[in-house]
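Reminder that position 47 of the sequence shown reads as 47 in UniProt numbering, one-by-one numbering, no gaps. Written below as structure tokens is the structure these notes are about.
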Amino acid sequence: MKYLLDANVLSELMRPRPNPSLVATVRRHERDSVTASIVYLELWSGVEMLGDTARARYLREGYRGLFAPGGLPVLPFDAEAAGWLARERARLLASGRTPPLLDAQIAAIAVTRDLVLVTRNTRDFEPFEGLRLENWFETGNE
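Here's what the structure looks like:
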């Protein structure tokens with residue numbers, strides 16, 4: 001494992017015409033990639049909010065395939081991640097920043113598992129100390 005894929009990466013893969021460069025990069029690194037239980041929550045929450053629509057049915061089918069046995073591994077938010085997050089959240093709050101909880105949990109999983117977080121929203125994750133980031137949506141950054 002080397003990369004933790006954020007929700008915006010996985011949701012892009014489900015688009016009718018996903019970013020070809022991103023698709024190629026994900027394929028190149030698929031054996032080294034995982035996601036987080038928090039990302040799983042974000043994706044499935046989005047599907048549930050769509051109700052009984054054609055788009056929701058399409059996404060359900062796609063995500064079931066993605067997360068099927070032998071598919072993309074999903075890492076839990078565990079005690080080690082919670083401990084890291086408690087310390088990091090205290091540091092950020094002391095400096096006047098309030099990180100969104102779900103982003104903070106994703107960062108905690110990546111840092112404690114020594115993974116690079118792959119996201120389009122690098123700016124949202126920059127405050128987290130020790131978190132390595134890559135944006136595979138940008139050319140030359142994969």
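Even for Gly, the Cβ is constructed at its ideal location relative to N, Cα and C. Quick caveat, the model's predicted, so the values are computed rather than measured.
CA-to-CA distance, residue j to residue i, given in whole angstroms
i	j	result
R87	P73	27 Å
L117	A54	31 Å
A108	A82	7 Å
S11	G96	32 Å
residue 146	L22	In the structure displayed, the chain extends from 1 to 142; residue 146 sits before or after that span and is not available.
E80	G51	35 Å
N121	N135	8 Å
Y58	D6	20 Å
V26	R91	33 Å
Residue i - DSSP class collapsed to helix/strand/coil
i	result
S37	helix
R132	strand
Residues bridged to residue i [DSSP beta-bridge criterion]
i	result
Y3	S33 and V116
L75	A36
Stretch-stretch touch, CB-based, cutoff 8 Å, three pairs: the stretch 22-38 with the stretch 74-93: Three or more beta-carbon pairs separated by less than 8 Å link the stretch 22-38 to the stretch 74-93, which places the two stretches in contact.
The stretch 24-31 touching the stretch 61-68, judged by at least three CB pairs closer than 8 Å: Proximity of the stretch 24-31 to the stretch 61-68 falls short of the contact definition, fewer than three beta-carbon pairs being nearer than 8 Å.
Cβ contact (3+ pairs, closer than 8 Å) linking the stretch 17-25 and the stretch 36-48: Not touching, per the Cβ criterion.
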